[in-house]
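So the sequence shown is numbered by the working numbering: it starts at 7 and just counts up by one. We put the CB at the ideal spot given by N, CA and C, even for glycine.
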Amino acid sequence: MTFPDGTIAYDADGVVLAGDMTEDQVKACLAAGAKSWLYLNEECNKACPKAAVEAASVPFEMVPLMTPASLTNECVDKLVAYVDSAPKPAVIQCSTATRASIPYILHKAKTDKLPAASAMALAASMTPPLKFLEKPPLASAVKRALTHANRKPVIFRQLFDTSGSSTYTYLIADGPGGEAVLIDPVLEMVDRDLKLIDELGVKLKYAVNTHCHADHVTGSGAIKAARPEVRSIIAAASGAQADIKIGHGDRIEFGSMFLEVRATPGHTDGCLSYVCDDMVFTGDAVLIRGCGRTDFQQGSADRLYESVHTQIFSLPNDTIIYPAHDYKGHRCSTVGEEKALNPRLGSGKTKDEFVEIMANLNLPYPKKIDEALPKNMVCGIQEGMPTPA
7 MTFPDGTIAY
17 DADGVVLAGD
27 MTEDQVKACL
37 AAGAKSWLYL
47 NEECNKACPK
57 AAVEAASVPF
67 EMVPLMTPAS
77 LTNECVDKLV
87 AYVDSAPKPA
97 VIQCSTATRA
107 SIPYILHKAK
117 TDKLPAASAM
127 ALAASMTPPL
137 KFLEKPPLAS
147 AVKRALTHAN
157 RKPVIFRQLF
167 DTSGSSTYTY
177 LIADGPGGEA
187 VLIDPVLEMV
197 DRDLKLIDEL
207 GVKLKYAVNT
217 HCHADHVTGS
227 GAIKAARPEV
237 RSIIAAASGA
247 QADIKIGHGD
257 RIEFGSMFLE
267 VRATPGHTDG
277 CLSYVCDDMV
287 FTGDAVLIRG
297 CGRTDFQQGS
307 ADRLYESVHT
317 QIFSLPNDTI
327 IYPAHDYKGH
337 RCSTVGEEKA
347 LNPRLGSGKT
357 KDEFVEIMAN
367 LNLPYPKKID
377 EALPKNMVCG
387 IQEGMPTPA
């Protein structure tokens, strides 16, 4: 049966969101087959339907969520546990169906293993969009609740290659003593990176590349030689060797954290971007006020434009962009900034305009491509180093 007007049903997940309802609307929800009921107001609220719901032998639960400050870790755990286990269809009710959308997105983030940025993007893309997004204080509270740093300290370091390629390497660890990943390590900087990892007391699990680089030799091979327990990761589409080959939609898990893998080809066939909490590591797909070239390694301006607009610019505007390189001293940007200010991909540029821009860059032949690319195709492995699977 159909749920009454004024409710918002997400049939695929068996969730119905509602604000205050009349007695007739409550009866209509019960008649439509509601099998559980979560109420986010206090019982003293005049519109509280507890008596009618329990009279129909439908389980009724109250978890007051009155303000953004109410969204504590304890509250989040209760809400997620309820939606996970509640018989469906489950009605979630507040006063205007705004707060009611919060347990739903928290549940989706858990079951679909979504980082904060991707969960917020999903909330905006649903039909209709989840109403908590209309209230900035609530949206901020939800985003905070979805980030790992809200639960425990996260170790994050942005490391710069001083040997010449202007590459950024990123260390992310699941707290002190936790498992860690290293994104885009550079051969010449491996000693520095491993020293830092030891100083911080974290356990490096994966050496991850955003793509098969042409301007430096990856440090993955040297890291594996020094730390045999570390496994290397690269896109299967790159054609390069690595211990683990991944693709769009995969998860790279370390401790309680993970990277969500998004395919962003165009600079090369095998370019990947990684979303973690409210950050996205874009490799060369999006640089700060620029992007990677598209005239080598199966590059395609057409594909890069599509990749960036569907996989990166679709994230919330406040998502922090961490690129693989910067040549002007910038360290990070945001999705909103690049959509507005990137002279190649943003500022309302059409695909045709972007393709024309990229076709007329007249860039010199990459200095290190003939040395770096063959080595990177074999995980940076050189004579005497272990060979990946």
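DSSP three-state label for Ala-383, please. For the purposes of this step, residue 383 is taken as residue 377 along the sequence shown, with counting starting at 1. Sequence inspection shows Met at residue 383; the Ala mentioned does not correspond to that position. Met-383 falls in the coil class under three-state DSSP.
Cβ pair Ile-111, Ala-125 closer than 7 Å: Sequence index remark: in the sequence shown, residue 111 carries index 105 (1-based). Sequence index remark: in the sequence shown, residue 125 carries index 119 (1-based). In contact: Ile-111 and Ala-125 (Cβ atoms closer than 7 Å).
Alpha helix (DSSP H) runs contained entirely in the stretch 211–296, provided each spans 4 or more residues: 226–232
Need the endpoints of the alpha helix (DSSP H) that Met-126 sits in, please. One-based indexing of the sequence shown puts residue 126 at position 120. Its alpha helix (DSSP H) spans residues 122–131.
Would you report the Cα separation of Glu-362 and Ala-241, rounded to the nearest angstrom? Numbered from its first residue, the sequence shown carries residue 362 at position 356. Numbered from its first residue, the sequence shown carries residue 241 at position 235. Roughly 28 Å separates the two Cα atoms.
Beta-ladder partner(s) of Glu-185, from DSSP: Position 179 of the sequence shown, counting from 1, holds the residue named residue 185. Paired residues: Lys-209.
Contacting residues, own chain, Cβ-Cβ under 7 Å from Ser-320 (five flanking each side not counted): Position 314 of the sequence shown, counting from 1, holds the residue named residue 320. Cβ neighbours of Ser-320 beyond the five flanking positions: Ala-127.
Leaving aside the five residues before and after His-217 along the sequence, list all residues of the same chain whose C-beta is less than 6 Å from its C-beta, in chain order. Counted from its first residue, the sequence shown places residue 217 at position 211. Hits under 6 Å: Thr-274, Gly-276, Cys-277 and Gly-289.
Leaving out the 5 sequence neighbours to the left and right, which residues in its chain are closer than 6 Å to Leu-44 when beta-carbon positions are compared? Along the sequence shown, one-based indexing puts residue 44 at 38. Once the five neighbours on either side are set aside, the close Cβ partners of Leu-44 are Glu-67, Tyr-88 and Ile-98.
Quick one, are the C-beta atoms of Tyr-280 and Ile-239 less than 7 Å apart? Reading the sequence shown from its first residue, position 274 is the one you call residue 280. Reading the sequence shown from its first residue, position 233 is the one you call residue 239. No, they are not a contact pair.
Helix, strand or coil: which one does DSSP assign to Leu-36? Taking the sequence shown and counting its residues from 1, one reaches residue 36 at position 30. Helix at Leu-36.
Nearest residue (CA-CA) to Ala-151, options Val-86, Asp-118 and Asp-167: Sequence index remark: in the sequence shown, residue 151 carries index 145 (1-based). Of the listed residues, the one whose Cα sits closest to Ala-151 is Val-86.
Pairs of beta-carbons, one from the stretch 255–267 and one from the stretch 172–188, closer than 8 Å: are there three or more? yes
Spatial distance of Ala-346 from Gly-354 (CA atoms): Translated into positions along the sequence shown, residue 346 becomes position 340. Translated into positions along the sequence shown, residue 354 becomes position 348. Looking at the two C-alpha atoms, the distance is approximately 7 Å.
Put Val-69 into one of helix, strand or coil per three-state DSSP. The residue labelled residue 69 in the question sits at position 63 within the sequence shown. Reduced to three states, the DSSP call for Val-69 is coil.
What residues in its chain sit with their C-beta under 6 Å from that of Pro-55, if we drop five residues either side in the sequence? The residue you call residue 55 lines up with position 49 of the sequence shown. So the qualifying residues of the chain are Val-32.
When we look at the beta-carbon of Leu-120 and count the other beta-carbons within 10 Å, is it buried (16 or more) or exposed? If you number the sequence shown from 1, residue 120 lands on position 114. When all chains shown are included, Leu-120 counts as buried.
Should Tyr-176 be labelled buried (16 or more other beta-carbon atoms within 10 Å of its own) or exposed? Walking along the sequence shown from the start, residue 176 turns up at place 170. Buried.
Going by C-alpha to C-alpha distance, which of Val-21, Ala-34, Asp-19 and Arg-299 sits closest to Asp-11? As a working note, residue 11 is residue 5 in the sequence shown. Measuring from the Cα of Asp-11, the nearest candidate turns out to be Ala-34.
Taking the C-alpha atoms as reference points, what is the distance between Pro-70 and Ala-186? As a first step, residue 70 is located in the sequence shown; it is residue number 64 there, counting from the start. As a first step, residue 186 is located in the sequence shown; it is residue number 180 there, counting from the start. Computed Cα separation, rounded: 37 Å.
Backbone CA spacing between Gln-164 and Thr-73 [nearest angstrom]: Taking the first residue of the sequence shown as position 1, residue 164 is located at position 158. Taking the first residue of the sequence shown as position 1, residue 73 is located at position 67. So the alpha carbons of these two residues sit roughly 35 Å apart.
Could you give the uninterrupted runs of the alpha helix (DSSP H) lying entirely in the stretch 302–345, keeping only those of 4 residues or more? 307–313
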